[in-house]
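*Asks:* Before anything else, here's the structure in question.
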Ligand SMILES: Cc1cc2nc3c(=O)[nH]c(=O)nc-3n(C[C@H](O)[C@H](O)[C@H](O)COP(=O)(O)OP(=O)(O)OC[C@H]3O[C@@H](n4cnc5c(N)ncnc54)[C@H](O)[C@@H]3O)c2cc1C
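In my numbering, the protein residues as written are 15 to 437.
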């Protein structure tokens with residue numbers, strides 16, 4: 015029998031709440047300490063979840079930024095459809111909820127002493143450490159693309175100043191200009207993100223600079239929600255977007271910021287605006303903690319999100335290798351709850367229960383045109399695997415009111431998750 019999306023949600027919620035029964039008294043010793051590194055979708059959710067489950071556990075969140083700038087919906091900022099302020103959230107309510115926040119970066123981890131060193135040189139002791147540091151870029155992996163190049167050819171793949179830079183470049187571009195997006199190979203943060211970005215930039219160009227063109231140079235031959243995106247591009251932006259897959263010369267082999275040129279094995283593309291989304295890896299503290307493997311990402315146990323490399327350290331969100339689960343804010347939030355429940359259970363010497371996780375990724379192809387992909391995941395052979403027959407994408411050729419309804423759902427999802435995490 016095929017499970018509906020509503021049933022998935024109920025199932026996941028039930029699984030999560032069953033794992034969060036009241037925690038019995040800890041032994042005679044001091045209250046356990048959990049340190050969470052990274053105050054994004056994963057880290058804040060996990061810190062809150064653990065604190066709510068048992069306020070006796072000392073939870074410290076390490077995060078250097080005083081304001082969090084969310085990536086979901088930031089493509090709308092790039093396209094001039096919303097302001098960056100709509101993406102920004104403070105940690106005031108997280109602190110008010112009883113989470114102790116150290117406003118600095120973690121710089122080192124000593125797994126045997128169970129300490130984390132902070133940028134000011136101080137150390138925090140932990141009984142369990144949760145690494146939720148998101149992504150970093152592999153600077154230099156794409157020849158010519160380093161931090162200096164990003165000031166000319168923005169990635170805008172961490173929201174903030176980079177998002178605004180890309181927007182300003184589009185605004186400054188003359189009508190008839192060429193916009194080039196370079197999309198990386200898997201795995202990377204937000205698989206549908208480059209294509210949502212292409213769509214919303216196309217919307218901007220169609221309405222403001224209709225003689226312009228957009229090329230996506232892709233290091234892949236397939237991408238998330240491909241059929242739906244391509245159908246919508248034909249319908250909404252005929253002749254405006256060209257997608258060049260790997261097999262047709264899409265793989266960018268080097269860039270030259272001086273001329274805003276992207277080179278592939280098949281030729282060169284000189285852009286008026288170049289958005290280079292570079293190869294990625296787990297946030298660099300993961301390396302320092304020894305939890306990242308050669309791939310740059312962090313292998314985890316799918317039941318507890320405990321590192322397969324270093325016991326006592328858990329990794330959640332984009333930094334983790336979560337099997338079939340994509341790197342999304344929705345997934346980060348779901349993983350954080352499962353991990354939080356497991357950490358509490360482990361601290362009371364219990365056995366964490368087998369989780370079921372869900373993910374839904376919405377994308378906007380135009381302000382009133384949304385599409386989505388959903389999945390359900392369970393631990394299988396040491397990885398998170400799709401539940402056969404579950405999940406799926408929005409129907410193809412759905413009527414426009416359904417697409418408009420999905421755009422409303424996308425907006426509601428963003429409000430709900432940011433309210434849950436930061437509100
Ligand atoms: C353009 C774009 C669109 C997207 N759209 C969607 C969408 O529609 N839906 C969706 O679900 N997802 C979307 N995503 C993906 C989503 O943004 C990420 O998957 C999500 O942010 C991952 O959460 P995280 O907590 O792992 O990392 P983050 O949210 O990046 O949080 C990591 C935090 O760790 C902190 N940190 C890093 N290193 C340290 C350190 N050493 N010490 C202390 N703190 C540290 C950072 O400052 C940051 O606050 C999108 C991404 C992009 C780029």
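We put the CB at the ideal spot given by N, CA and C, even for glycine.
Using CA atoms only, rank isn't needed, just tell me which of 391, 272 and 293 is closest to residue 339.
*Replies:* Ranking 391, 272 and 293 by CA distance to the CA of residue 339 puts 391 first.
*Asks:* Any idea which residues DSSP pairs residue 383 with across the strands?
*Replies:* Residue 383 is bridged to 380.
*Asks:* Can you tell me whether residue 296 is helix, strand or coil according to DSSP?
*Replies:* strand
*Asks:* Using the three-state DSSP reduction, which class does residue 373 fall into: helix, strand or coil?
*Replies:* strand
*Asks:* Residue 387 and residue 239 look like a contact to me (Cβ under 8 angstroms); what is the Cβ gap, rounded to whole Å?
*Replies:* 5 angstroms
*Asks:* Kindly list the residues whose CB is nearer than 8 angstroms to the CB of residue 423, restricted to its own chain and excluding five residues on each side of it in sequence; keep chain order.
*Replies:* 376, 384 and 386
*Asks:* Buried or exposed for residue 370, going by 16 or more other Cβ atoms inside 10 Å?
*Replies:* buried
*Asks:* For a test of the three-state rule: what should DSSP assign to residue 409, helix, strand or coil?
*Replies:* Coil at residue 409, not helix or strand.
*Asks:* Between residue 294 and residue 182, is the Cβ-Cβ spacing less than 8 angstroms?
*Replies:* no
*Asks:* Could you have a look at residue 209 and say whether DSSP puts it in helix, strand or coil?
*Replies:* helix
*Asks:* Compute the Euclidean distance between the alpha carbons of residue 131 and residue 218, then round it to the nearest angstrom.
*Replies:* 45 angstroms
*Asks:* Rounded to whole angstroms, what's the CA-CA distance from residue 394 to residue 314? Just pull it up for me.
*Replies:* 13 angstroms
*Asks:* Check whether the Cβ atoms of residue 273 and residue 231 lie closer than 8 angstroms to each other.
*Replies:* no
*Asks:* Taking only the alpha-carbon atoms, compute the straight-line gap between residue 426 and residue 414 and give it to the nearest angstrom.
*Replies:* 19 angstroms
*Asks:* Residue 292: which of 362, 281, 361 and 199 sits nearest, CA to CA?
*Replies:* In terms of CA proximity to residue 292, 199 leads the group 362, 281, 361 and 199.
*Asks:* With which residues is residue 393 paired in a DSSP beta bridge?
*Replies:* 398
*Asks:* For ligand 1, is there any heavy atom lying closer than 7 angstroms to the beta carbon of residue 79?
*Replies:* yes
*Asks:* When the Cβ atoms of the region 159-173 are set against those of the region 55-75, are three or more pairs found closer than 8 angstroms?
*Replies:* no
*Asks:* DSSP three-state label for residue 103, please.
*Replies:* strand
*Asks:* Between residue 60 and the rest of its own chain, which residues show a CB-CB distance below 7 angstroms, the 5 nearest in sequence each way excluded?
*Replies:* Result list for residue 60: 50, 144, 146, 330, 350, 353 and 354, in chain order.
*Asks:* Quick check: does the Cβ of residue 168 come within less than 7 angstroms of any heavy atom belonging to ligand 1?
*Replies:* no
*Asks:* Mapping DSSP to helix, strand and coil, what is residue 328?
*Replies:* strand
*Asks:* Go ahead and pull the three-state DSSP assignment for residue 68.
*Replies:* coil
*Asks:* Buried or exposed for residue 434, please, with buried defined as at least 16 other CB atoms from any protein chain shown within 10 angstroms of its CB.
*Replies:* exposed
*Asks:* Thinking just about the alpha-carbon of each residue, which of 319, 362, 373 and 356 is nearest to the one in residue 342?
*Replies:* With distances taken between Cα atoms, residue 342 lies closest to 373.
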